[in-house]
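**Student:** Dropping the structure in here first, questions after.
Number of protein chains: 2
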Amino acid sequence: MPLTPDERPGRTIRSVQIAFNIIETLQERDRIGVTELANELGHSKSTIHSHLRTLEERKILVRDGDGYRLSLRILDMAADVRDQVGNYDVIRDEVEALAAETGEIAQFGLEEHGQVSYLYKATGDRAVVTASQVGTQQPMYSTSLGKTILAYLPPERTEEIVRNTDFEAITPQTITSPEELYDELEEIAERGYGIDDEENIEGLRCVAAPVRNDETILGAVSITGPSSRFTNERIHDELPEYVTRAANVIELNTKFS
Amino acid sequence: MPLTPDERPGRTIRSVQIAFNIIETLQERDRIGVTELANELGHSKSTIHSHLRTLEERKILVRDGDGYRLSLRILDMAADVRDQVGNYDVIRDEVEALAAETGEIAQFGLEEHGQVSYLYKATGDRAVVTASQVGTQQPMYSTSLGKTILAYLPPERTEEIVRNTDFEAITPQTITSPEELYDELEEIAERGYGIDDEENIEGLRCVAAPVRNDETILGAVSITGPSSRFTNERIHDELPEYVTRAANVIELNTKFS
DNA sequence: CAGTTCGTTCCCGGTACCCGAACGAGAAAT
DNA sequence: ATTTCTCGTTCGGGTACCGGGAACGAACTG
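See below:
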């Protein structure tokens, strides 16, 4: 298995690619040894060995029993990430409050690499269970968070993201063309909130509101629930009020970084 | 500045070292650009550029404004780390409970790379503030957690760690020789809990108890407080009871992984 | 519009990276 | 006890490829 078929522009460093292949493999299947990794990744044992040694010296991995796993240093790095994004405490408190008062799932997400990344997730007492997890990514065009963020990003950035998007019909309702998407973005910008009507997961609807600081968008807040509770009526009346209120509180407490 | 003066055994991969130098620099000082990184790390701009491109493609970094920062994917990795260690929920609940009932700092730590890494930290309502943070590391020989873990590790592993330890007098009370340390480890094994009497930070004392599963040690729980509240009397009577009780609860709820 | 400072690209030389193969240490099997 | 796996580790060699320098382009500033 050759690595990458050489992305068009720019160079990328092979050893580093290998290192992160190891890390990612170790992320999903812990406690693996040298030989197994070598087979899995298609490299010689000696190559993998040197890499493991390097990563262990850097305290990214630890030997645990027979095999390696990621080290707790990752937790420290995660804390720094939260600091760097800024306003984590405000966001957490407000998302928790939103989940508590609605009983549903509340989330905060922001754009990274042309996708939505979840920064925080809170589950209310009657919330449905979903697979989404903090730090993971979802497409922009199929989520309320993503579409709402797109609607408020600088136009050139929005275009760049849309241009690099492969539209895929995740559910029957998913938006599958740039034209449809741009229409909806306009709509969102007009009314101030975005909606996902079973476009990402069947049976689930979401409502999201942008969080902005001085014209630049930081991210968005959303609530997610089953279509049975998110009726056509509530989704354009009561629910947008909740999320915009939460978004406003975050905006007001935002400190410049 | 040459990288490492070539560690004695084994080879380590330079590109990966550079990549993690970048990551670590970005961890402490966010939003840095290519040129600044190049100067800081002593590499050419083109080298740094290729690395940044690689790391960005791997979604480890994001462009944010002008400059890079670590991406939210780190948060996802952190979640996986907690899963891999196992029993995170039990540990969190019990450490929180311990902090709540004592009012002090409570922590759970385990051994990695011959040091203590903190997995969880909870602060009670009258707890002193310390710099220690989840995911960071401390020496084994100067902390109650470290010494307690050493006392219950397999003897050969303990020896290996002690052999590779540089003893340093962090405070006037710090243990500075293997002999002293081994004496204390025996004491700990006898009475079942470990103590740090201002050996790591002046003015602070800690008490720790081991968490074991079927003869193998998973880590240790500790409480930390000012010497004024951690009197000679309480530190050998009331306080050990708290931590051993917490440790026992964790042990009982431990699932095999 | 000149001047500065970014980020980016290109090519080239030297090296250190990856591989293959051999070694050593356990454990399991007979 | 001896064999036979399989694991992690070490070692040298050939060459891909990584890092450096310099030139280019773009964005700001004066």
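Residue numbers (my numbering), protein chains in the order written: chain W, 1 to 257; chain D, 1001 to 1257.
The C-beta atom is built at its ideal place from N, Cα and C for all residues, glycine as well.
1) Please list the terminal residues of the continuous beta strand (DSSP E) segment that includes residue 1121/D.
2) Output, in chain order, the set of chain D residues within a Cβ distance shorter than 8 angstroms of residue 20/W.
3) Taking Cβ to Cβ, would you say residue 16/W is nearer than 7 angstroms to residue 1046/D?
4) Classify residue 177/W as buried or exposed, calling it buried when 16 or more other Cβ atoms lie within 10 Å of its own Cβ.
5) Would you please state the rounded distance, in angstroms, between the beta carbons of residue 135/W and residue 103/W? I believe it to be under 8 angstroms.
6) Under 7 angstroms, Cβ to Cβ, is there at least one residue of chain W near residue 1089/D?
7) State yes or no: is the beta carbon of residue 37/W nearer than 7 angstroms to at least one beta carbon in chain D?
8) Which whole-angstrom value describes the C-beta separation of residue 1244/D and residue 1194/D, a residue pair presumed to lie in contact below a C-beta threshold of 8 angstroms?
9) Mind checking if residue 1222/D is an interface residue toward chain W, Cβ cutoff 7 angstroms exclusive?
10) If you compare alpha carbons, which of 1218/D, 1052/D and 1183/D is closest to residue 1111/D?
11) Can we count residue 116/W as close to the ligand ATP, meaning its CB is less than 6 angstroms from some heavy atom?
12) Which chain D residues are close to residue 79/W, counting only those with a beta carbon under 7 angstroms from its beta carbon?
13) Does residue 227/W get closer than 7 angstroms to chain D when you measure Cβ to Cβ?
14) On the three-state DSSP scale, how would you describe residue 126/W?
15) Looking at C-alpha atoms only, which residue of 84/W, 224/W and 236/W is the closest neighbour of residue 100/W?
16) Tell me which residue opens and which closes the alpha helix (DSSP H) that residue 1054/D is part of.
17) Does the separation of the CB atoms of residue 1074/D and residue 78/W fall below 7 angstroms?
18) Please work out which residues of its chain come closer than 8 angstroms, Cβ to Cβ, to residue 1007/D, disregarding the five sequence neighbours upstream and downstream, and give them in chain order.
19) Given this structure, state the Cα-to-Cα distance separating residue 251/W from residue 118/W, to the nearest angstrom.
20) Which residues in chain D sit within 8 angstroms of residue 54/W, going by Cβ to Cβ distance?
21) So with Cβ pairs under 7 angstroms, would you call residue 1027/D a contact of chain W?
22) Can you pull the DSSP bridge partners for residue 211/W?
23) Apart from the five residues just before and just after residue 1096/D, which ones in its own chain have a Cβ nearer than 6 angstroms to its Cβ?
24) Contact criterion: CB-CB distance below 7 angstroms. Does residue 1139/D meet it with respect to chain W?
25) For residue 1106/D, which residues does DSSP report across the bridge?
26) To which residues of the same chain is residue 32/W closer than 6 angstroms at the C-beta, ignoring the five residues directly before and after it?
**Tutor:** In short:
1) In the second sequence, counting from the first residue as 1, residue 1121/D sits at position 121. Start and end: 1115-1123.
2) As a first step, residue 20/W is located in the first sequence; it is residue number 20 there, counting from the start. 1058 and 1060, listed in chain order.
3) In the first sequence, residue 16/W corresponds to position 16, counting from 1. In the second sequence, residue 1046/D corresponds to position 46, counting from 1. Cβ distance not < 7 angstroms, so residue 16/W and residue 1046/D don't count as in contact.
4) Within the first sequence, residue 177/W is the residue found at index 177, counting from 1. By the neighbour-count rule (16 or more Cβ atoms within 10 Å), residue 177/W is not buried but exposed.
5) Locating residue 135/W in the first sequence gives position 135, counting from the first residue. Locating residue 103/W in the first sequence gives position 103, counting from the first residue. Their Cβ separation, rounded to whole angstroms, is 24 angstroms, which puts residue 135/W and residue 103/W out of contact at 8 angstroms.
6) As a working note, residue 1089/D is residue 89 in the second sequence. Chain W, which has no Cβ nearer than 7 angstroms to the Cβ of residue 1089/D, makes this no.
7) In the first sequence, counting from the first residue as 1, residue 37/W sits at position 37. No - not a single Cβ of chain D is within 7 angstroms of the one on residue 37/W.
8) To locate residue 1244/D, count along the second sequence from 1; it is residue 244. To locate residue 1194/D, count along the second sequence from 1; it is residue 194. That pair is no contact at about 11 angstroms.
9) Stepping through the second sequence from its first residue, residue 1222/D is reached at position 222. Chain W contact via Cβ: absent.
10) Position 111 of the second sequence holds residue 1111/D. It is 1218/D.
11) Among the components of this structure there are no ligands whatsoever, and the ligand ATP is therefore not found.
12) Numbered from 1 along the first sequence, position 79 holds the residue referred to as residue 79/W. What residue 79/W touches in chain D: 1133, 1134 and 1135.
13) On the first sequence, residue 227/W is found 227 positions in, with the first residue counted as 1. False, the Cβ-Cβ gap to chain D never drops below 7 angstroms.
14) To locate residue 126/W, count along the first sequence from 1; it is residue 126. In the structure shown, residue 126/W sits in coil (DSSP, three-state: anything other than H, G, I, E or B).
15) One-based indexing of the first sequence puts residue 100/W at position 100. Considering only alpha carbons, the answer is 224/W.
16) By one-based count along the second sequence, residue 1054/D stands at place 54. Segment 1045-1057, the alpha helix (DSSP H) holding residue 1054/D.
17) Here residue 1074/D refers to the residue found at position 74 when the second sequence is read from its first residue. Here residue 78/W refers to the residue found at position 78 when the first sequence is read from its first residue. Closer than 7 angstroms, so yes.
18) What you label residue 1007/D is simply residue 7 of the second sequence in a count that begins at 1. Bear in mind that a pLDDT of 36 at residue 1007/D, under 50, signals an unreliable position, so the number given afterwards is only what the model happens to contain. Hits under 8 angstroms: none found.
19) Counting from one through the first sequence, the residue named residue 251/W turns up at place 251. Counting from one through the first sequence, the residue named residue 118/W turns up at place 118. Roughly 18 angstroms separates the two Cα atoms.
20) Within the first sequence, numbered from 1, the residue matching residue 54/W stands at position 54. Here the neighbours are 1012, 1013, 1016 and 1017.
21) Position 27 of the second sequence, counted from the start, is the residue given in the question as residue 1027/D. Interface residue, yes.
22) Stepping through the first sequence from its first residue, residue 211/W is reached at position 211. According to DSSP, which records beta bridges pairwise, residue 211/W is partnered with 219/W.
23) Within the second sequence, numbered from 1, the residue matching residue 1096/D stands at position 96. Answer for residue 1096/D: 1122, listed in chain order.
24) Indexing the second sequence from 1 puts residue 1139/D at position 139. By this cut-off, residue 1139/D is not an interface position.
25) By 1-based counting over the second sequence, the position of residue 1106/D is 106. Answer is 1122/D and 1223/D.
26) Your numbering for residue 32/W matches position 32 in the first sequence. Result list for residue 32/W: 67, in chain order.
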